[in-house]
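Peer 1:
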Amino acid sequence: MKKKKNVLWVVLSIVFTLFFLITLIGGPIANNYSQIINMVLGVEGSKVIGDEGITYFEPDYTSDQQVEEGQKVVENVVANGAVLLMNKDNALPLKSGDKITLASINSSKFVYGGTGSGGMNTDGVDSLKDALEKDGFEVNPTMWSFYTEGAGKEYGRILASGSLNNYIFENSEFKVNEVPVSKYSSNEWDSIKSYGDAAVVVFSRVCGEGADLPWYGAGDADGNILQLSKDEKDLLAKLSELKANGSLKKIVVLLNAANAIELDFLNPDICGVDYGIDACMWIGEVGQGISAVGELLNGTVNPSGKLVDTYCYDNLTSPALQNAHATSYTNSKSKGLSFSEGNNEYYVAYQEGIYVGYRYYETRYEDVVMGTENVGEYDYASTVAYPFGYGLSYSDISYESIAMEEDGDNLKFTVNVSNSSNVDGREAVQIYMQSPYTDYDRLNGVEKASVELVGFTKVDVPAGGSAVAEITVPKTELRAYDANTAGTYILDAGDYYFTSANGSHEALNNILAAKDYTVENGMTSDGNREMVCQYNVAVQDNTVFATAITGNEIQNQLDHADLNRREGNNGDGIVYLTRSDWEGTMPVANITNGNYEAAYKMSASDDMVAQMNEVYTKNTDGEMPVVGKEGNLNLAQFVGVPIDGSIEIDGKTYTWDDLVDQVSFNEMAKLIGQTYHSTAPVASVSKPATKDENGPQGITATLTGGGSSTSYTSEDLMAASFDAEVATAVGRSMGNDCLLANGKAYSGIYGPGVNIHRTPYSGRNFEYYSEDPFISGKICAAEVSGIQSKGVYVYMKHFALNDQETARDGICVWTNEQAARELYLQAFEYPVVEASAYCVMTGFNRLGCVWAGGDYGLITGILRGEWGMPGFVLTDFSNNNNYMDVLNGLMAGGDGWDCNDGAKWTQKLVEYKDDPTVVAAMKEATKHILYTTANSNAMNGVSANMQVVEVVTWWQILIIVLDVVFGILAAFSIFMLVRSIKKNK
1 MKKKKNVLWV
11 VLSIVFTLFF
21 LITLIGGPIA
31 NNYSQIINMV
41 LGVEGSKVIG
51 DEGITYFEPD
61 YTSDQQVEEG
71 QKVVENVVAN
81 GAVLLMNKDN
91 ALPLKSGDKI
101 TLASINSSKF
111 VYGGTGSGGM
121 NTDGVDSLKD
131 ALEKDGFEVN
141 PTMWSFYTEG
151 AGKEYGRILA
161 SGSLNNYIFE
171 NSEFKVNEVP
181 VSKYSSNEWD
191 SIKSYGDAAV
201 VVFSRVCGEG
211 ADLPWYGAGD
221 ADGNILQLSK
231 DEKDLLAKLS
241 ELKANGSLKK
251 IVVLLNAANA
261 IELDFLNPDI
271 CGVDYGIDAC
281 MWIGEVGQGI
291 SAVGELLNGT
301 VNPSGKLVDT
311 YCYDNLTSPA
321 LQNAHATSYT
331 NSKSKGLSFS
341 EGNNEYYVAY
351 QEGIYVGYRY
361 YETRYEDVVM
371 GTENVGEYDY
381 ASTVAYPFGY
391 GLSYSDISYE
401 SIAMEEDGDN
411 LKFTVNVSNS
421 SNVDGREAVQ
431 IYMQSPYTDY
441 DRLNGVEKAS
451 VELVGFTKVD
461 VPAGGSAVAE
471 ITVPKTELRA
481 YDANTAGTYI
491 LDAGDYYFTS
501 ANGSHEALNN
511 ILAAKDYTVE
521 NGMTSDGNRE
531 MVCQYNVAVQ
541 DNTVFATAIT
551 GNEIQNQLDH
561 ADLNRREGNN
571 GDGIVYLTRS
581 DWEGTMPVAN
591 ITNGNYEAAY
601 KMSASDDMVA
611 QMNEVYTKNT
621 DGEMPVVGKE
631 GNLNLAQFVG
641 VPIDGSIEID
651 GKTYTWDDLV
661 DQVSFNEMAK
671 LIGQTYHSTA
681 PVASVSKPAT
691 KDENGPQGIT
701 ATLTGGGSST
711 SYTSEDLMAA
721 SFDAEVATAV
731 GRSMGNDCLL
741 ANGKAYSGIY
751 GPGVNIHRTP
761 YSGRNFEYYS
771 EDPFISGKIC
781 AAEVSGIQSK
791 GVYVYMKHFA
801 LNDQETARDG
811 ICVWTNEQAA
821 RELYLQAFEY
831 PVVEASAYCV
841 MTGFNRLGCV
851 WAGGDYGLIT
861 GILRGEWGMP
871 GFVLTDFSNN
881 NNYMDVLNGL
891 MAGGDGWDCN
901 DGAKWTQKLV
911 EYKDDPTVVA
921 AMKEATKHIL
931 YTTANSNAMN
941 GVSANMQVVE
951 VVTWWQILII
961 VLDVVFGILA
971 AFSIFMLVRS
981 IKKNK
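Position 233 of the sequence shown, counted from 1, bears residue number 233 in my numbering, the numbering being contiguous throughout.
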């Protein structure tokens with residue numbers, strides 16, 4: 001009996017001691033992650049006490065009303081953004097009441113949005129069948145049951161497994177996985193005759209964060225996931241057979257993807273097979289707006305979207321794709337470079353320069369037509385299926401005339417469009433420009449695309465009537481960046497051509513016609529020279545666009561990212577693609593079904609390795625800035641005050657710097673180092689805590705314990721509307737969602753995504769707008785204005801050149817500054833300059849060997865120095881990536897670190913408490929964060945008489961109580977064990 005008592009006390013001593021140690025050690029660890037724990041549990045770590053202040057931002061609706069209004073907004077995006085690509089013999093619209101068959105497993109496994117941190121919960125959204133039935137169609141139940149309950153349900157898209165960070169996915173795991181024709185029975189095929197008014201075939205692809213789609217090595221589709229698989233082609237062939245024997249009247253294809261699917265199957269001359277397809281419509285990823293698809297098909301809504309990407313017969317013709325994915329430095333092993341250990345093994349070379357998307361396809365086409373030397377073998381008609389900016393309508397829209405008027409710093413265009421049909425229509429009227437490609441450009445490496453989108457608007461065109469579109473193009477659109485000689489923007493001498501047309505290709509044909517070229521010169525069709533205006537610049541000007549809106553001089557900031565200009569270049573640089581020698585400079589990768597070798601191979605020099613590993617060196621010299629000064633200023637007094645402005649109290653003037661002087665070092669360290677989906681409260685200036693969330697397609701709070709809000713469309717579908725009002729409505733609706741969030745409003749949103757569709761295969765193309773920076777930037781600016789009108793600051797992401805997901809953590813992106821500025825940065829510039837976007841989120845990638853979030857030229861030189869962004873710069877998730885160093889980032893002008901480990905960066909800052917340079921940078925970062933908060937809905941109800949105090953949450957109290965209880969129980973058990981042992985003796 002005594003031995004049993006000993007055993008009991010031994011067990012209790014071990015158990016309670018173990019629990020005591022868990023709470024003792026786990027308590028501090030939990031406190032390091034207190035922000036995310038608070039979010040998941042829905043509790044606040046601070047509170048505001050005092051007199052309530054003004055409500056600066058209010059929702060437009062109640063929560064119940066917003067559910068309805070948000071639905072309308074999303075449906076309107078789909079209605080305005082869907083693009084009708086092909087419509088033989090007016091096969092569309094179908095009639096309401098038609099009996100139709102949904103074909104392909106994708107019809108039952110529809111793609112509503114992408115995956116990863118931007119993915120939305122669409123569990124409650126209608127299926128395609130339900131949506132079409134609500135719009136009056138009768139849908140084949142036999143085929144639907146086959147896909148949802150029968151043999152077909154075992155099939156459907158397969159994505160590769162793996163984590164989002166520090167992981168390169170296995171291409172062979174990606175599969176289209178369409179149902180083989182052999183799995184259907186005669187019952188399914190026979191059912192089509194009773195529902196044969198049309199077969200609606202859905203081709204879907206889905207992409208997501210961390211995982212680019214494979215163009216080689218995929219598990220089916222001959223290794224290229226964006227071409228049709230054999231099973232998809234077999235399905236089309238079977239439907240074509242049924243159409244031929246009279247069981248089926250029409251075949252309609254819906255493209256349900258944000259990544260550009262190859263369209264060779266639409267053209268018998270290209271693919272060698274006539275599948276009998278009557279119509280094709282691109283619908284992107286529709287969010288919860290699927291009901292609009294039926295309205296587009298039955299004609300209730302007239303399609304008016306235009307493509308925001310070039311759609312090819314073969315995507316591998318893209319020059320950008322010749323250097324994509326991730327390539328190891330040839331000497332990575334000998335230099336100790338490692339992706340898993342140091343995030344420094346891989347690079348990607350943007351050897352194509354500015355020739356991305358239509359800038360390549362159209363420009364090379366023009367050079368073929370003009371007979372330019374060294375153009376090489378190139379056939380536009382067998383390469384491009386549908387060009388950027390193209391889209392049909394159920395109306396018969398035509399362009400009648402264009403006129404141009406110079407008005408100071410702007411060119412104003414008036415375009416007349418007519419509608420000869422009996423169906424009311426809408427038209428996205430686009431203005432394209434061609435700038436001169438001069439001898440100076442050829443000599444100094446300044447590249448020029450044959451056409452660039454420089455303006456657009458959306459107009460209603462009544463049946464049998466016409467409409468006038470008025471579009472203003474600032475003369476700044478005429479500038480080109482000369483990185484090699486002038487080191488700034490230049491205005492070339494020569495003739496500038498402007499036209500309006502249905503897409504980039506028709507626009508270029510108009511311009512070629514104005515230059516007296518015809519189909520006899522190899523044009524795909526004759527253009528309309530009457531739709532062209534000319535503007536002449538007599539003398540090249542290297543100064544007119546060399547000064548930023550801030551007054552600062554515009555000069556090269558990114559030489560370190562250009563292998564031809566970086567310090568330490570030994571003449572072994574890179575050859576960029578140039579239109580003066582297409583044949584000699586076109587990069588060519590080695591691509592097979594199962595293998596890929598990038599066109600450009602390089603080794604890492606010692607100075608490159610050193611730059612990737614460079615860290616800030618502590619320096620205690622100099623005068624320590626003022627920190628933690630006694631004072632009575634608070635953030636509420638600075639609401640609406642410009643960052644270079646001031647307030648007056650009792651006859652004394654105070655600036656933002658005076659406010660920041662009151663903030664203690666520890667408050668700054670926490671504010672900067674702990675910005676995971678939030679910003680910390682700052683009691684010394686009564687700054688409230690804020691709550692942020694992911695949001696390219698709407699609030700996705702699943703990472704922080706919440707749910708999703710309105711599920712908006714993919715960004716490319718919004719951009720395809722070519723309608724700023726549509727984008728503003730989306731932004732405003734997102735702002736309402738944030739204000740109406742459960743518990744506490746969201747003050748910041750991780751979006752919009754503004755990177756470029758450099759290739760069709762990027763995993764996050766659904767989060768980004770387009771291959772074109774103009775439509776990307778202008779639609780983003782409209783969306784941002786809507787979001788920020790509700791006091792929600794945006795973190796536009798991922799700044800910058802984070803255009804692929806493969807090896808994104810630390811990948812070195814090599815590019816020239818002309819391409820960087822004219823494509824990848826311009827998309828961010830418009831929303832900052834025109835919509836006063838407050839914040840950006842930096843990328844995981846490096847520019848050259850310098851991490852984007854630690855790139856002084858990018859952040860301080862361009863973002864702040866040229867564009868004047870006053871808000872704050874946040875990193876992407878930095879828990880596991882030591883190269884995203886807080887000191888390097890602060891020195892570059894960064895402000896906050898997205899990190900849910902509360903100790904990682906704050907402790908490092910504490911180690912530099914005696915470094916005046918670091919402390920000064922921390923004060924600057926603190927000012928940016930305070931300024932952003934002051935202009936957000938976080939200040940709703942906060943007055944100058946209020947105080948912010950931190951509180952101990954219930955779970956922290958519970959840990960303390962459990963620690964004490966387990967400690968007492970452990971001590972008691974040990975005491976009893978010792979006592980029992982002594983008694984036994």
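No residue lacks a Cβ here, since even glycine has one placed at the ideal position from N, Cα and C.
Given the structure is predicted, the values throughout are model-derived calculations rather than measurements.
Starting from Asn87, follow the beta strand (DSSP E) in both directions and report where the run begins and ends.
Peer 2: Residue numbering aside, residue 87 sits at position 87 when the sequence shown is read from its first letter. Looking at the DSSP string, the run of the beta strand (DSSP E) that includes Asn87 is 83–87.
Peer 1: If you draw a straight line from the C-alpha of Arg979 to the C-alpha of Ile968, how long is it?
Peer 2: Translated into the one-based positions of the sequence shown, residue 979 becomes position 979. Translated into the one-based positions of the sequence shown, residue 968 becomes position 968. Computed Cα separation, rounded: 16 Å.
Peer 1: Within the continuous alpha helix (DSSP H) that includes Tyr147, where are the two ends?
Peer 2: Against the sequence shown, residue 147 aligns to sequence position 147. Taken as a continuous stretch (DSSP letters only), the alpha helix (DSSP H) holding Tyr147 covers 141–148.
Peer 1: Using only alpha-carbon positions, find the residue among Val918, Asp716, Gly376 that is nearest to Thr986.
Peer 2: The question about residue 986 has no answer here: the residues shown for the chain are numbered 1 through 985.
Peer 1: Which class does Leu505 belong to by DSSP, given the choice of helix, strand or coil?
Peer 2: One-based indexing of the sequence shown puts residue 505 at position 505. A quick correction: the sequence has His, not Leu, at residue 505. His505: helix per DSSP, three-state reduction.
Peer 1: With C-beta atoms as the reference, is Val202 less than 8 Å away from Phe110?
Peer 2: Walking along the sequence shown from the start, residue 202 turns up at place 202. Walking along the sequence shown from the start, residue 110 turns up at place 110. Their beta carbons are under 8 Å apart, which means Val202 touches Phe110 by this criterion.
Peer 1: Opposite Gly698 in the DSSP bridges: which residues?
Peer 2: Working through the sequence shown from its first residue, we reach residue 698 at position 698. Note: Gly698 sits in a beta bridge opposite Pro696.
Peer 1: By the three-class DSSP mapping on this structure, what secondary structure does His560 have?
Peer 2: As a working note, residue 560 is residue 560 in the sequence shown. Three-state result, His560: helix.
Peer 1: Mark Asn816 as exposed unless 16 or more other C-beta atoms lie within 10 angstroms of its C-beta, in which case mark it buried.
Peer 2: Here residue 816 is taken as the residue at index 816 of the sequence shown, counted from 1. That one is buried.
Peer 1: Tell me which same chain residues have a C-beta within less than 7 Å of the C-beta of Ala680, skipping the five on either side of it?
Peer 2: In the sequence shown, counting from the first residue as 1, residue 680 sits at position 680. Around Ala680: Lys670, Leu671, Gln674, Ala689.
Peer 1: Straight-line CA distance for Cys533 to Ser328?
Peer 2: Sequence index remark: in the sequence shown, residue 533 carries index 533 (1-based). Sequence index remark: in the sequence shown, residue 328 carries index 328 (1-based). Their Cα atoms are separated by approximately 48 Å.
Peer 1: Three-state secondary structure (DSSP) at Val978?
Peer 2: Position 978 of the sequence shown, counted from the first residue, corresponds to residue 978. In the structure shown, Val978 sits in a helix (DSSP, three-state: H, G or I).
Peer 1: For Val7, which residues from the same chain have a beta carbon less than 7 Å from its beta carbon, with the 5 sequence-adjacent residues on both sides left out?
Peer 2: Here residue 7 refers to the residue found at position 7 when the sequence shown is read from its first residue. None.
Peer 1: Quick one: using the 10 Å Cβ neighbour count with 16 as the cut-off for buried, is Trp897 buried or exposed?
Peer 2: The residue labelled residue 897 in the question sits at position 897 within the sequence shown. With 16 or more other Cβ atoms within 10 Å, it is buried.
Peer 1: Per DSSP, what kind of secondary structure is Pro268 in: helix, strand or coil?
Peer 2: Here residue 268 refers to the residue found at position 268 when the sequence shown is read from its first residue. DSSP places Pro268 in helix when its eight states are reduced to three.
Peer 1: If you count every other CB in all the chains shown that lies within 10 Å of the CB of Phe975, and 16 or more means buried, which is it?
Peer 2: Looking up residue 975 in the sequence shown gives position 975. Phe975 should be labelled exposed.
Peer 1: Taking Ala211 as the reference, which of Leu242, Phe828, Asn984, Asn259 has the closest Cα?
Peer 2: Along the sequence shown, read from residue 1 onward, the residue named residue 211 stands at position 211. It is Asn259 whose Cα lies nearest to the Cα of Ala211.
Peer 1: Can you tell me where the beta strand (DSSP E) with Cys812 in it begins and where it stops?
Peer 2: Position 812 of the sequence shown, counted from the first residue, corresponds to residue 812. Residues 812–814.
Peer 1: Name the DSSP bridge partner or partners of Arg846?
Peer 2: The residue you call residue 846 lines up with position 846 of the sequence shown. Per DSSP, Cys812, Trp851.
Peer 1: Per the contact definition of three or more C-beta pairs closer than 8 Å, is the region 121–135 in contact with the region 419–433?
Peer 2: Not touching, per the Cβ criterion.
Peer 1: Quick one: Cα of Leu577 to Cα of Glu767, how far?
Peer 2: On the sequence shown, residue 577 is found 577 positions in, with the first residue counted as 1. On the sequence shown, residue 767 is found 767 positions in, with the first residue counted as 1. Computed Cα separation, rounded: 28 Å.
Peer 1: Distance, Cα to Cα, Arg821 vs Asn315?
Peer 2: Within the sequence shown, numbered from 1, the residue matching residue 821 stands at position 821. Within the sequence shown, numbered from 1, the residue matching residue 315 stands at position 315. Cα to Cα, the separation comes out at about 25 Å.
Peer 1: Tell me whether Gly622 is buried or exposed, calling it buried when 16 or more other Cβ atoms sit within 10 Å of its Cβ.
Peer 2: By 1-based counting over the sequence shown, the position of residue 622 is 622. Exposed, because fewer than 16 other Cβ atoms sit within 10 Å of the Cβ of Gly622.
Peer 1: My output table needs one value for Gly45: the three-state DSSP class, helix, strand or coil.
Peer 2: Position 45 of the sequence shown, counted from the first residue, corresponds to residue 45. It is coil, neither helix nor strand.
Peer 1: Specify the secondary structure class of Gly705 as computed by DSSP and reduced to three states.
Peer 2: The count along the sequence shown starts at 1 and reaches residue 705 at position 705. Note that Gly705 scores a pLDDT of 45, beneath 50, so its modelled location is shaky and nothing firm can be said.
Peer 1: Who are Leu491's beta bridge partners in DSSP?
Peer 2: Here residue 491 refers to the residue found at position 491 when the sequence shown is read from its first residue. Leu491 is bridged to Asp541.
Peer 1: Using CA coordinates, which residue listed in Ala237, Ala903, Thr806, Cys839 is at the minimum distance from Gly162?
Peer 2: Residue 162 sits at position 162 when you count from the first residue of the sequence shown. Cα-wise, what sits closest to Gly162 is Thr806.
Peer 1: Out of Leu255, Val660, Asn90, which one is the CA nearest neighbour of Thr926?
Peer 2: Translated into positions along the sequence shown, residue 926 becomes position 926. Comparing Cα-Cα distances from Thr926 to each of Leu255, Val660, Asn90, the minimum goes to Val660.
Peer 1: Please confirm whether Gly114 and Gly208 have their CB atoms less than 8 Å apart.
Peer 2: The sequence position of residue 114 within the sequence shown is 114, counting from 1. The sequence position of residue 208 within the sequence shown is 208, counting from 1. Yes, they are a contact pair.
Peer 1: Which class does Tyr386 belong to by DSSP, given the choice of helix, strand or coil?
Peer 2: Start at 1 with the first residue of the sequence shown, and residue 386 comes out as number 386. Tyr386: strand per DSSP, three-state reduction.
Peer 1: Spell out the partners DSSP gives Glu427 in its beta bridges.
Peer 2: Position 427 of the sequence shown, counting from 1, holds the residue named residue 427. Answer is Val459, bridged to Glu427.
Peer 1: Out of curiosity, what's the CA-to-CA distance linking Leu930 and Val639?
Peer 2: As a first step, residue 930 must be located in the sequence shown, where it is residue number 930. As a first step, residue 639 must be located in the sequence shown, where it is residue number 639. If you take the alpha carbons of Leu930 and Val639, they lie about 10 Å apart.
Peer 1: At what residues does the alpha helix (DSSP H) containing Tyr440 begin and finish?
Peer 2: Locating residue 440 in the sequence shown gives position 440, counting from the first residue. Element bounds for Tyr440: 439–444.
Peer 1: Cβ atoms of Gln322 and Ala720: under 8 Å apart, would you say?
Peer 2: Translated into the one-based positions of the sequence shown, residue 720 becomes position 720. Translated into the one-based positions of the sequence shown, residue 322 becomes position 322. No, the pair does not count as a contact, with Cβ atoms beyond the cut-off.
Peer 1: Kindly indicate which three-state DSSP category Ile471 falls into: helix, strand or coil?
Peer 2: Reading the sequence shown from its first residue, position 471 is the one you call residue 471. The answer is strand: DSSP assigns Ile471 an E or B state.
Peer 1: For Gly371, which three-state DSSP category applies?
Peer 2: To locate residue 371, count along the sequence shown from 1; it is residue 371. Three-state DSSP puts Gly371 in coil, outside helix and strand.
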